[in-house]
Amino acid sequence: MFYNFYVIVLILSLLLRGWGAWNNYNDKLMNAYGKATLTIKMLEIRVVAGGWISFI
């Protein structure tokens with residue numbers, strides 16, 4: 000039910016905004032997602048490194 004609704008909204012947004020606008024939004028979304036995952040990875044590395052240093 001929810002999945003079908005999401006697909007309908009997605010198709011409507013494609014039709015309304017046009018392909019270029021959607022691509023631009025998608026790029027921004029992926030960019031934000033990439034930055035978020037990078038930040039999380041950096042935090043994980045710091046936590047793991049900090050844990051090892053305190054362990055030693």
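The opening position of the sequence shown corresponds to residue 0 in numbering that gives the first Met the number 0, with each subsequent residue numbered one higher.
Built from N, CA and C at the ideal position, the CB exists for glycine as well.
Treat the numbers as computed from the prediction; the structure is a model and nothing was measured.
Rounded to a whole number of angstroms, what is the C-alpha to C-alpha distance between residue i and residue j?
i, j, result
"Tyr5", "Ser12", "10 Å"
"Asn25", "Ala35", "15 Å"
"Ala31", "Glu43", "18 Å"
"Asn22", "Met29", "10 Å"
"Arg45", "Leu14", "44 Å"
"Lys40", "Gly33", "10 Å"
Does residue i have its Cβ less than 8 Å from a Cβ in chain B?
i, result
"Ile10", "Chain labels in this structure do not include chain B; a single protein chain is all it has."
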